[in-house]
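Trainee: The structure under discussion is supplied below as structure tokens; questions concerning it will follow.
2 protein chains.
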Amino acid sequence: MTSPGYDPAAYPPFAVTVDLVVLTLRGGVLHVLLVERGAQPWLGHWALPGGFVRPEESLDAAAARELAEETGVRDVPGHLEQLGSYGDPDRDPRMRVVSVAYLALAPDLPEPVAGTDAARAAWVPVADAQRRPLAFDHDRLLADGLERARAKLEYSPLAAAFCGPELTVADLRQVYEAVWGRALDPRNFHRKVTGVPGLLVETGRTRSEGRGRPATLYRLGDVRTLHPPITRD
Amino acid sequence: MTSPGYDPAAYPPFAVTVDLVVLTLRGGVLHVLLVERGAQPWLGHWALPGGFVRPEESLDAAAARELAEETGVRDVPGHLEQLGSYGDPDRDPRMRVVSVAYLALAPDLPEPVAGTDAARAAWVPVADAQRRPLAFDHDRLLADGLERARAKLEYSPLAAAFCGPELTVADLRQVYEAVWGRALDPRNFHRKVTGVPGLLVETGRTRSEGRGRPATLYRLGDVRTLHPPITRD
DNA sequence: GCTTATTCGCGTCAGGACGACGATAAAACC
DNA sequence: GGTTTTATCGTCGTCCTGACGCGAATAAGC
């Protein structure tokens with residue numbers, strides 16, 4: 001709530017940024033979008049992409065804009081949601097910064113383009129990204145984003161955000177296996193996914209991936225929550 | 001992430017506040033803490049309590065400080081977690097404000113004290129609070145906080161945050177019924193709650209509420225997640 | 001063409017959790 | 001003592017689960 005007696009001297013202004021945890025699937029492996037910092041502090045370290053919120057844009061709009069800029073794709077398909085805010089007083093030595101983190105899930109995208117403030121940008125396997133120390137508190141942002149994604153796969157159709165508009169049951173299963181880091185029984189997974197009413201709509205066509213029986217092609221239905229959920233235990 | 005070429009003219013500063021959705025149980029009815037605004041804008045309207053984040057405190061610390069100030073209790077027992085951030089450009093006509101919302105769950109507390117910037121403060125039944133238009137975008141904050149609380153009761157021991165250190169199964173059930181707004185079968189609820197390993201630890205004593213058989217008194221165990229969950233369907 | 005490997009999709013089975021509800025236990029109230 | 005109230009335990013049929021067998025439909029090798 002905004003106090004009526006706002007005194008700019010007593011409450012110095014904050015800088016507000018958005019940081020993005022962008023996840024995608026490349027060759028069955030979960031990747032996260034990272035940029036290499038080209039300036040102090042944390043010069044040379046890998047960091048999550050992000051930037052300042054502009055005066056006239058909402059937080060969601062700022063996240064969407066940054067996502068498009070950093071991936072080089074105009075309208076990024078997939079999913080974008082707020083993750084949380086991180087504003088410890090010493091997270092940036094230069095000034096007081098509050099960062100609003102966003103989680104993005106996208107299908108496989110082309111190689112990213114480095115922004116003006118980054119030396120380079122790349123898709124990094126999540127396992128590698130978690131091994132190296134990231135800039136600022138981005139280790140925690142990444143961990144929180146991963147946990148959010150893992151939890152949401154259980155009760156939402158969000159796994160489809162990693163796929164194109166038409167997908168097979170095996171596509172979905174590959175997403176779950178990559179995000180959860182665990183193999184799933186193809187037969188039980190097939191039963192559960194096709195058992196959620198309204199989740200998958202048959203297109204009538206099939207897709208052959210080379211070897212094996214062709215898989216039925218589905219479009220995503222309009223359900224928002226999975227009943228019953230796909231549990232991880 | 002923070003750009004090296006930060007230009008204060010290009011990126012005017014933001015005010016950062018914390019707003020609190022404080023829920024408690026009073027007489028079996030879910031209440032939320034509201035304050036009546038004593039200044040423009042939204043003078044005379046009810047709003048969620050909150051205030052500015054100070055230069056040297058973290059977001060969590062600011063939320064805890066405001067919670068203590070607005071309730072008048074030094075160390076508020078219960079639970080406090082971040083809900084999300086709300087920063088639409090026009091949410092406050094005076095300046096660009098980003099508000100970090102927090103959700104607090106507390107046992108029954110004394111009547112609140114009005115802060116300096118509020119005409120008065122009161123516990124308001126949630127059903128009443130949702131009927132009147134709250135200041136700023138606080139309708140949405142309240143709705144989001146309620147949904148978060150309802151969802152978290154399913155898979156976390158958070159319902160105990162509404163109770164004291166010693167509680168009965170009926171106490172817990174009353175929390176679930178008040179938050180979900182739905183009657184639950186006492187027998188099935190008892191089986192489910194006592195069936196979660198490590199959730200409830202017997203104290204060996206009982207508590208009599210007047211009529212009826214005395215209930216076993218429990219302390220909360222140290223489980224973080226409920227396996228299996230208490231579902232609402 | 002025939003076999004083999006591979007993937008897809010369906011079916012079976014036992015175990016566990018569910019909602020609905022009957023039955024018993026231990027207190028207060030009349 | 002009898003009734004009411006609340007707590008706790010038990011039963012039953014249904015549904016979801018993981019483990020796993022099996023046929024169907026394709027590509028690759030011979």
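One line per chain: the protein sequences are A and B, in this order.
Start counting the first sequence at 1; every next residue gets the next number (UniProt numbering).
Start counting the second sequence at 1; every next residue gets the next number (UniProt numbering).
Cβ coordinates follow ideal geometry from the N, Cα and C atoms, glycine included.
Kindly give me the distance between the Cβ atoms of Ala-101 of chain A and Val-35 of chain A, rounded to whole angstroms, as I take these residues to be in contact under 8 Å.
Mentor: 15 Å between Cβ atoms; not a contact.
Trainee: Please compile the residues from chain A whose C-beta is within a distance smaller than 9 Å of the C-beta of Gln-82 of chain B.
Mentor: Gly-84 and Ser-85
Trainee: Just checking: is the beta-carbon of Phe-14 of chain A within a distance shorter than 8 Å of some beta-carbon in chain B?
Mentor: yes
Trainee: When DSSP builds the beta bridges, which residues end up paired with His-227 of chain A?
Mentor: Note: His-227 of chain A sits in no beta bridge, so no partner.
Trainee: Is the separation between the beta-carbon of Glu-177 of chain A and that of Leu-184 of chain A shorter than 8 Å?
Mentor: yes
Trainee: Under 8 Å between the Cβ atoms of Leu-226 of chain A and Val-196 of chain A?
Mentor: yes
Trainee: For Leu-217 of chain A, which residues from the same chain have a beta carbon less than 7 Å from its beta carbon, with the 5 sequence-adjacent residues on both sides left out?
Mentor: Glu-166, Thr-168, Thr-203, Arg-205, Thr-206 and Arg-207
Trainee: With a threshold of 16 other CB atoms inside 10 Å of the CB of Gly-212 of chain A, please say whether the residue is buried or exposed.
Mentor: exposed
Trainee: Per the contact definition of three or more C-beta pairs closer than 8 Å, is the stretch 103-113 of chain B in contact with the stretch 73-86 of chain B?
Mentor: yes
Trainee: State the DSSP-derived secondary structure class of Phe-189 of chain B, mapped to helix, strand or coil.
Mentor: Reduced to three states, the DSSP call for Phe-189 of chain B is helix.
Trainee: Answer with yes or no whether the minimum CB distance from Ser-3 of chain B to chain A is below 8 Å.
Mentor: Reliability fails at Ser-3 of chain B, whose pLDDT of 43 lies under 50, so the model's placement of it is uncertain and the value that follows must be treated cautiously. Contact of Ser-3 of chain B with chain A is assigned, a C-beta pair being separated by under 8 Å.
Trainee: Measure how close the beta-carbons of His-31 of chain A and Val-175 of chain A come, nearest whole angstrom, since I'm counting them as under 8 Å.
Mentor: So it is not a contact: roughly 13 Å between Cβ atoms.
Trainee: Enumerated in chain order, which unbroken segments of the beta strand (DSSP E) with a length of 3 residues or greater are wholly contained in the UniProt domain "Nudix hydrolase" (12-148) of chain A?
Mentor: Unbroken beta strand (DSSP E) stretches of 3 residues or longer found wholly inside the UniProt domain "Nudix hydrolase" (12-148) of chain A: 15-26, 29-37, 50-52, 79-86, 97-106 and 118-125, given in chain order.
Trainee: Does any residue of chain A bring its CB to less than 8 Å from the CB of Arg-96 of chain B?
Mentor: Taking Cβ atoms only, chain A reaches closer than 8 Å to Arg-96 of chain B, which makes this a yes.
Trainee: Exposed or buried, what is Leu-59 of chain A when buried is set at 16 or more other beta-carbons lying within 10 Å of its beta-carbon?
Mentor: Residue environment for Leu-59 of chain A: buried (at least 16 other C-beta atoms within 10 angstroms of its C-beta).
Trainee: My output table needs one value for Arg-150 of chain B: the three-state DSSP class, helix, strand or coil.
Mentor: helix
Trainee: Is it buried or exposed for Asp-137 of chain A, if we count other Cβ within 10 angstroms and need 16 for buried?
Mentor: Classification of Asp-137 of chain A: buried, given that the 10 Å Cβ count is 16 or more.
Trainee: Given a cut-off of 8 Å, decide if Arg-96 of chain B and Pro-12 of chain A are closer than it, judged by their beta-carbon atoms.
Mentor: The answer is no: Cβ separation not under 8 Å.
Trainee: When the distance is taken between beta carbons, is Asp-19 of chain B closer than 8 Å to Gly-50 of chain B?
Mentor: yes
Trainee: Within its chain, find whatever has a CB closer than 8 Å to the CB of Arg-224 of chain B; leave out the 5 residues flanking it on each side and keep chain order.
Mentor: Ser-156 and Pro-157
Trainee: What is the DSSP secondary structure of Arg-213 of chain B, counted as helix, strand or coil?
Mentor: coil
Trainee: In the stretch 120-140 of chain A, which residues sit with their C-beta less than 9 Å from some C-beta in chain B, listed in chain order?
Mentor: Ala-135, Phe-136 and His-138
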